[in-house]
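J.: When we follow the numbering used here, the leftmost residue of the sequence shown carries the number 85, and every step to the right adds one. Handing you a structure now.
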Amino acid sequence: MDPILVENRGGWSIVTLNRPDRLNAFNPDMHRALAEALDRLGSEEDCRAIVLTGAGRGFCAGQDLEAVGTDTELDQTLERFYNPLVRRIRAMPKPVIAAVNGVAAGAGANIALACDIVLAARSAKFIQAFAKIALVPDSGGTWFLPRLVGEARARALALTGEAVGADKAADWGMIWKAVDDAALPVEAEALAAHLATQPTAALALIKRAFDGSAANTLDAQLDLERDLQKVAGALPDFREGVQAFMEKRPARFTGRPS
(Lines of atoms letter the chains of each structure in order from A and count residues from 1; the text may use other names and numbers.)
(Lines give C-alpha, C1' and ligand atoms only; values in the text may rest on other atoms or scores of the structure.)
Protein backbone atom coordinates (compact mmCIF):
# COMPACT_ATOMS: atom_id res chain seq x y z
CA MET A 1 0.00 0.00 0.00
CA ASP A 2 1.36 3.39 -0.98
CA PRO A 3 1.98 5.54 2.13
CA ILE A 4 0.98 8.69 0.24
CA LEU A 5 -1.78 9.11 -2.32
CA VAL A 6 -1.83 12.03 -4.77
CA GLU A 7 -4.90 12.91 -6.80
CA ASN A 8 -4.79 15.59 -9.47
CA ARG A 9 -8.06 17.51 -9.61
CA GLY A 10 -7.19 19.79 -12.50
CA GLY A 11 -5.55 22.93 -11.16
CA TRP A 12 -5.10 21.56 -7.64
CA SER A 13 -4.24 18.30 -5.91
CA ILE A 14 -5.18 16.24 -2.87
CA VAL A 15 -2.34 14.62 -0.92
CA THR A 16 -3.53 11.91 1.46
CA LEU A 17 -1.51 10.38 4.28
CA ASN A 18 -2.27 6.70 3.73
CA ARG A 19 -1.43 4.52 6.71
CA PRO A 20 -4.96 4.33 8.15
CA ASP A 21 -4.21 1.20 10.19
CA ARG A 22 -1.65 3.32 12.14
CA LEU A 23 -3.77 6.50 12.20
CA ASN A 24 -1.40 7.78 9.49
CA ALA A 25 1.52 7.91 11.90
CA PHE A 26 4.82 8.71 10.20
CA ASN A 27 7.54 6.24 9.42
CA PRO A 28 10.54 6.90 7.15
CA ASP A 29 8.80 5.56 4.04
CA MET A 30 5.85 7.92 4.50
CA HIS A 31 8.19 10.85 5.13
CA ARG A 32 10.13 10.17 1.94
CA ALA A 33 6.98 9.70 -0.14
CA LEU A 34 5.42 12.90 1.20
CA ALA A 35 8.58 14.91 0.56
CA GLU A 36 8.72 13.62 -3.02
CA ALA A 37 5.04 14.42 -3.61
CA LEU A 38 5.27 17.94 -2.21
CA ASP A 39 8.44 18.73 -4.13
CA ARG A 40 6.83 17.58 -7.36
CA LEU A 41 3.59 19.50 -6.77
CA GLY A 42 5.51 22.58 -5.70
CA SER A 43 7.28 22.73 -9.05
CA GLU A 44 4.19 22.02 -11.18
CA GLU A 45 2.72 25.26 -12.52
CA ASP A 46 -0.60 23.55 -13.21
CA CYS A 47 -1.00 22.68 -9.53
CA ARG A 48 -2.08 25.91 -7.86
CA ALA A 49 -3.31 24.63 -4.48
CA ILE A 50 -2.81 21.54 -2.32
CA VAL A 51 -5.11 19.81 0.17
CA LEU A 52 -3.36 17.68 2.80
CA THR A 53 -5.58 15.16 4.58
CA GLY A 54 -5.55 11.69 6.11
CA ALA A 55 -7.07 8.37 5.12
CA GLY A 56 -9.49 6.64 7.45
CA ARG A 57 -10.57 7.91 10.85
CA GLY A 58 -7.70 10.25 11.64
CA PHE A 59 -5.49 12.94 10.14
CA CYS A 60 -2.16 11.93 11.67
CA ALA A 61 -1.10 10.50 15.02
CA GLY A 62 2.42 11.92 14.70
CA GLN A 63 5.42 9.64 14.87
CA ASP A 64 4.92 5.89 14.63
CA LEU A 65 6.57 4.92 17.91
CA GLU A 66 7.10 1.35 16.76
CA ALA A 67 9.33 2.73 14.00
CA VAL A 68 11.43 4.53 16.62
CA GLY A 69 11.60 1.88 19.32
CA THR A 70 14.09 2.85 21.99
CA ASP A 71 16.11 5.09 19.69
CA THR A 72 17.33 8.05 21.76
CA GLU A 73 18.73 10.05 18.83
CA LEU A 74 15.40 11.67 18.14
CA ASP A 75 17.11 14.87 17.05
CA GLN A 76 18.27 13.05 13.92
CA THR A 77 14.68 12.07 13.07
CA LEU A 78 13.69 15.73 13.36
CA GLU A 79 16.67 16.91 11.35
CA ARG A 80 16.15 14.37 8.55
CA PHE A 81 12.37 14.34 8.29
CA TYR A 82 10.13 16.59 10.36
CA ASN A 83 12.00 19.89 10.16
CA PRO A 84 12.40 19.68 6.37
CA LEU A 85 8.70 18.81 6.08
CA VAL A 86 7.60 21.90 8.03
CA ARG A 87 9.98 24.11 6.06
CA ARG A 88 8.76 22.56 2.79
CA ILE A 89 5.12 23.33 3.62
CA ARG A 90 5.86 26.89 4.70
CA ALA A 91 7.99 27.60 1.63
CA MET A 92 5.52 26.04 -0.82
CA PRO A 93 4.85 28.68 -3.53
CA LYS A 94 1.10 27.98 -3.43
CA PRO A 95 -1.53 27.57 -0.70
CA VAL A 96 -1.55 24.38 1.36
CA ILE A 97 -4.86 23.52 3.05
CA ALA A 98 -5.01 21.02 5.91
CA ALA A 99 -8.29 19.11 6.01
CA VAL A 100 -8.14 17.56 9.47
CA ASN A 101 -10.36 14.52 9.81
CA GLY A 102 -10.24 13.00 13.28
CA VAL A 103 -7.23 13.06 15.56
CA ALA A 104 -4.18 15.23 14.87
CA ALA A 105 -1.71 14.38 17.61
CA GLY A 106 1.89 15.23 18.34
CA ALA A 107 3.78 16.08 15.17
CA GLY A 108 0.55 15.43 13.26
CA ALA A 109 -1.09 18.39 14.98
CA ASN A 110 1.85 20.68 14.31
CA ILE A 111 2.17 19.67 10.66
CA ALA A 112 -1.48 20.65 10.26
CA LEU A 113 -0.76 24.01 11.93
CA ALA A 114 2.13 24.55 9.52
CA CYS A 115 -0.33 24.66 6.62
CA ASP A 116 -1.67 27.98 5.35
CA ILE A 117 -5.34 27.28 6.06
CA VAL A 118 -6.66 24.63 8.45
CA LEU A 119 -10.17 23.22 8.16
CA ALA A 120 -11.24 20.58 10.67
CA ALA A 121 -14.17 18.23 11.04
CA ARG A 122 -16.07 18.87 14.26
CA SER A 123 -15.02 15.44 15.52
CA ALA A 124 -11.34 16.34 15.07
CA LYS A 125 -9.04 16.82 18.05
CA PHE A 126 -5.67 18.52 18.26
CA ILE A 127 -3.40 17.02 20.91
CA GLN A 128 0.10 18.07 21.98
CA ALA A 129 0.81 14.53 23.12
CA PHE A 130 4.54 14.91 23.69
CA ALA A 131 4.60 15.27 27.48
CA LYS A 132 2.68 12.00 27.79
CA ILE A 133 5.81 10.19 26.61
CA ALA A 134 8.29 12.60 28.22
CA LEU A 135 9.14 14.53 25.06
CA VAL A 136 9.15 18.17 23.96
CA PRO A 137 6.71 19.52 21.32
CA ASP A 138 8.43 19.55 17.96
CA SER A 139 7.66 20.10 14.27
CA GLY A 140 7.20 23.79 15.06
CA GLY A 141 4.71 23.33 17.90
CA THR A 142 6.49 25.66 20.29
CA TRP A 143 6.61 28.29 17.54
CA PHE A 144 3.10 27.97 16.09
CA LEU A 145 1.06 27.57 19.25
CA PRO A 146 2.05 30.75 21.15
CA ARG A 147 1.46 32.80 18.00
CA LEU A 148 -1.91 31.21 17.33
CA VAL A 149 -3.47 30.84 20.79
CA GLY A 150 -1.24 32.88 23.12
CA GLU A 151 1.44 31.97 25.62
CA ALA A 152 -0.87 30.84 28.45
CA ARG A 153 -2.88 28.41 26.34
CA ALA A 154 0.18 27.16 24.47
CA ARG A 155 2.03 26.30 27.68
CA ALA A 156 -1.00 24.60 29.20
CA LEU A 157 -1.68 22.52 26.10
CA ALA A 158 1.96 21.40 25.92
CA LEU A 159 2.29 20.63 29.63
CA THR A 160 -1.03 18.82 30.06
CA GLY A 161 -1.49 17.20 26.65
CA GLU A 162 -5.17 18.13 26.83
CA ALA A 163 -7.11 17.57 23.60
CA VAL A 164 -8.68 20.57 21.87
CA GLY A 165 -11.80 19.97 19.82
CA ALA A 166 -12.27 21.59 16.43
CA ASP A 167 -14.87 24.14 17.57
CA LYS A 168 -12.67 25.32 20.42
CA ALA A 169 -9.64 25.38 18.14
CA ALA A 170 -11.56 27.67 15.79
CA ASP A 171 -12.76 29.88 18.66
CA TRP A 172 -9.18 30.21 19.91
CA GLY A 173 -7.80 31.05 16.48
CA MET A 174 -5.75 27.87 16.26
CA ILE A 175 -7.46 26.95 13.00
CA TRP A 176 -9.55 28.81 10.44
CA LYS A 177 -12.81 26.90 10.55
CA ALA A 178 -14.60 23.86 12.03
CA VAL A 179 -17.18 22.19 9.80
CA ASP A 180 -19.54 19.25 10.05
CA ASP A 181 -17.75 15.97 9.46
CA ALA A 182 -19.61 15.18 6.25
CA ALA A 183 -18.92 18.67 4.91
CA LEU A 184 -15.13 18.58 5.40
CA PRO A 185 -14.20 17.12 1.98
CA VAL A 186 -16.66 19.40 0.20
CA GLU A 187 -15.43 22.53 2.02
CA ALA A 188 -11.76 21.67 1.48
CA GLU A 189 -12.24 20.88 -2.18
CA ALA A 190 -14.28 24.04 -2.81
CA LEU A 191 -11.61 26.15 -1.12
CA ALA A 192 -8.81 24.52 -3.12
CA ALA A 193 -10.76 24.93 -6.36
CA HIS A 194 -11.27 28.62 -5.57
CA LEU A 195 -7.61 29.22 -4.69
CA ALA A 196 -6.60 27.46 -7.92
CA THR A 197 -8.25 30.32 -9.83
CA GLN A 198 -6.45 33.04 -7.89
CA PRO A 199 -3.12 34.82 -8.60
CA THR A 200 -0.85 32.02 -7.36
CA ALA A 201 2.43 33.95 -7.63
CA ALA A 202 0.92 36.80 -5.60
CA LEU A 203 -0.36 34.33 -2.99
CA ALA A 204 3.20 33.02 -2.64
CA LEU A 205 4.34 36.59 -1.92
CA ILE A 206 1.62 36.93 0.73
CA LYS A 207 2.95 33.78 2.39
CA ARG A 208 6.46 35.27 2.38
CA ALA A 209 5.18 38.47 3.96
CA PHE A 210 3.52 36.67 6.86
CA ASP A 211 6.52 34.42 7.40
CA GLY A 212 8.77 37.47 7.57
CA SER A 213 6.54 39.26 10.05
CA ALA A 214 7.29 36.73 12.80
CA ALA A 215 10.85 38.00 13.23
CA ASN A 216 10.63 41.55 11.84
CA THR A 217 10.25 44.88 13.54
CA LEU A 218 7.52 47.11 12.15
CA ASP A 219 10.11 49.07 10.17
CA ALA A 220 11.59 45.90 8.71
CA GLN A 221 8.14 44.57 7.84
CA LEU A 222 7.18 47.80 6.11
CA ASP A 223 10.32 47.47 4.00
CA LEU A 224 9.50 43.84 3.22
CA GLU A 225 5.96 44.80 2.16
CA ARG A 226 7.41 47.48 -0.11
CA ASP A 227 9.83 45.04 -1.72
CA LEU A 228 7.23 42.32 -2.20
CA GLN A 229 4.72 44.82 -3.59
CA LYS A 230 7.27 45.80 -6.21
CA VAL A 231 7.45 42.16 -7.29
CA ALA A 232 3.67 41.79 -7.22
CA GLY A 233 3.18 44.93 -9.29
CA ALA A 234 5.27 43.44 -12.10
CA LEU A 235 3.16 40.27 -12.28
CA PRO A 236 0.87 39.82 -15.28
CA ASP A 237 -1.93 38.92 -12.85
CA PHE A 238 -1.79 42.42 -11.38
CA ARG A 239 -2.42 43.91 -14.80
CA GLU A 240 -5.24 41.43 -15.37
CA GLY A 241 -6.76 42.20 -11.96
CA VAL A 242 -6.81 45.92 -12.63
CA GLN A 243 -8.19 45.44 -16.14
CA ALA A 244 -10.92 43.13 -14.84
CA PHE A 245 -11.83 45.66 -12.15
CA MET A 246 -12.09 48.44 -14.71
CA GLU A 247 -14.18 46.28 -17.02
CA LYS A 248 -16.37 45.02 -14.15
CA ARG A 249 -15.75 41.36 -14.94
CA PRO A 250 -14.20 38.41 -13.09
CA ALA A 251 -10.42 38.32 -13.37
CA ARG A 252 -8.83 35.48 -15.32
CA PHE A 253 -5.62 34.88 -13.39
CA THR A 254 -2.94 32.59 -14.76
CA GLY A 255 -1.07 32.32 -11.46
CA ARG A 256 2.26 32.50 -13.24
CA PRO A 257 5.17 34.78 -12.29
CA SER A 258 5.67 35.98 -15.88
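Note that CB positions come from ideal geometry on N, CA and C, so glycine has one too.
(1) Quick check: what's the CA-CA separation for ALA300 versus ALA193?
(2) Considering only residues of the same chain and omitting the five flanking positions on each side of VAL170, which have a CB-CB separation below 8 Å?
(3) Quick check: the Cα distance between LEU101 and ILE173, rounded to an integer number of angstroms?
(4) Write down every uninterrupted run of the alpha helix (DSSP H) in the segment 194 to 234 whose length is 4 residues or greater and which is fully enclosed by it, in chain order.
(5) Terminal residues of the continuous beta strand (DSSP E) containing ILE98?
(6) Per DSSP, which residues does ASN92 bridge with? Please list them.
(7) For the beta strand (DSSP E) holding PHE143, just list the boundary residues, first then last.
(8) How would you label ASN185, buried or exposed, when you count the other beta carbons within 10 angstroms and need 16 or more for buried?
(9) From the DSSP output, which residues share a beta bridge with ILE259?
(10) Output the boundary residues of the alpha helix (DSSP H) element that contains ALA119.
(11) Comparing alpha-carbon positions, which option in GLN147, LEU125, GLY94 lies nearest ASN108?
(12) How is the alpha helix (DSSP H) around THR161 delimited, first residue to last?
(13) Return the first residue and the last residue of the beta strand (DSSP E) that LEU136 is part of.
(14) Taking just the CA atoms, how far does PHE110 sit from ALA151?
(15) Could you give the residue range of the beta strand (DSSP E) that holds ALA188?
(16) Going by DSSP, what residues sit across from ILE173 in a beta bridge?
(17) Who are the Cβ neighbours of MET258 in its own chain at under 6 Å, not counting the five residues just before and after it?
(18) Going by C-alpha to C-alpha distance, which of ARG93, GLU128, THR161, ASP303 sits closest to MET114?
(19) Please state whether DSSP places GLY296 in a helix, a strand or coil.
(20) Would you tell me roughly how many angstroms separate the C-alpha atoms of ALA236 and THR226, rounded to the nearest one?
(21) If you draw a straight line from the alpha carbon of ALA191 to that of ALA208, how long is it in whole angstroms?
(22) Express the C-alpha separation of ALA328 and VAL263 in angstroms, rounding to a whole number.
T.: With the given structure in hand:
(1) If you number the sequence shown from 1, residue 300 lands on position 216. If you number the sequence shown from 1, residue 193 lands on position 109. The question names Ala, but residue 300 in the sequence shown is Asn. For ASN300 and ALA193, the gap between their C-alpha atoms comes out near 26 Å.
(2) Taking the sequence shown and counting its residues from 1, the one referred to as residue 170 is at position 86. Sequence-distant Cβ neighbours of VAL170 in its own chain, meaning closer than 8 Å and more than five residues away, are ASN194, ILE195, ALA198, SER223, GLY224.
(3) Numbered from its first residue, the sequence shown carries residue 101 at position 17. Numbered from its first residue, the sequence shown carries residue 173 at position 89. Distance between the alpha carbons of LEU101 and ILE173: 15 Å.
(4) Scanning the segment 194 to 234 from its first residue to its last, the whole alpha helix (DSSP H) runs of 4-plus residues come out as 225 to 233.
(5) Position 14 of the sequence shown, counted from the start, is the residue given in the question as residue 98. Under the DSSP assignment, ILE98 falls in the beta strand (DSSP E) whose first and last residues are 97 to 101.
(6) Locating residue 92 in the sequence shown gives position 8, where the first residue counts as 1. BP columns for ASN92 point to SER97.
(7) Here the question's residue 143 lines up with position 59 in the sequence shown. Here the beta strand (DSSP E) through PHE143 covers 142 to 144.
(8) The residue labelled residue 185 in the question sits at position 101 within the sequence shown. Around the CB of ASN185, 16 or more other CB atoms lie within 10 Å, so the residue is classed as buried.
(9) For the purposes of this step, residue 259 is taken as residue 175 along the sequence shown, with counting starting at 1. DSSP, once it has assigned bridges, lists no residue as partnering ILE259.
(10) Here residue 119 corresponds to residue number 35 of the sequence shown, with the count starting at 1. Judged by DSSP secondary structure, ALA119 falls within the alpha helix (DSSP H) whose first and last residues are 112 to 127.
(11) To locate residue 108, count along the sequence shown from 1; it is residue 24. With distances taken between CA atoms, ASN108 lies nearest to GLN147 out of GLN147, LEU125, GLY94.
(12) Reading the sequence shown from its first residue, position 77 is the one you call residue 161. THR161 -> alpha helix (DSSP H) spans 158 to 161.
(13) Counting from 1 along the sequence shown, the entry for residue 136 is found at position 52. Under the DSSP assignment, LEU136 falls in the beta strand (DSSP E) whose first and last residues are 134 to 138.
(14) Along the sequence shown, read from residue 1 onward, the residue named residue 151 stands at position 67. Along the sequence shown, read from residue 1 onward, the residue named residue 110 stands at position 26. One C-alpha to the other measures close to 8 Å.
(15) Position 104 of the sequence shown holds residue 188. Note, ALA188: beta strand (DSSP E), 187 to 189.
(16) Locating residue 173 in the sequence shown gives position 89, counting from the first residue. Answer is none; ILE173 lacks a bridge partner.
(17) As a working mapping, residue 258 is identified with position 174 in the sequence shown. In the same chain as MET258, and ignoring 5 residues on each side of it, the C-beta atoms closer than 6 Å to its own belong to LEU232, VAL233, in chain order.
(18) On the sequence shown, residue 114 is found 30 positions in, with the first residue counted as 1. The option with the nearest alpha carbon to MET114 is THR161.
(19) The residue you call residue 296 lines up with position 212 of the sequence shown. Reduced to three states, the DSSP call for GLY296 is helix.
(20) As a first step, residue 236 must be located in the sequence shown, where it is residue number 152. As a first step, residue 226 must be located in the sequence shown, where it is residue number 142. In this structure, the alpha-carbon of ALA236 lies about 12 Å from that of THR226.
(21) Here residue 191 refers to the residue found at position 107 when the sequence shown is read from its first residue. Here residue 208 refers to the residue found at position 124 when the sequence shown is read from its first residue. A straight line joining the alpha-carbon of ALA191 with that of ALA208 spans about 15 Å.
(22) Counting from 1 along the sequence shown, the entry for residue 263 is found at position 179. Counting from 1 along the sequence shown, the entry for residue 328 is found at position 244. C-alpha separation (whole angstroms): 33 Å.
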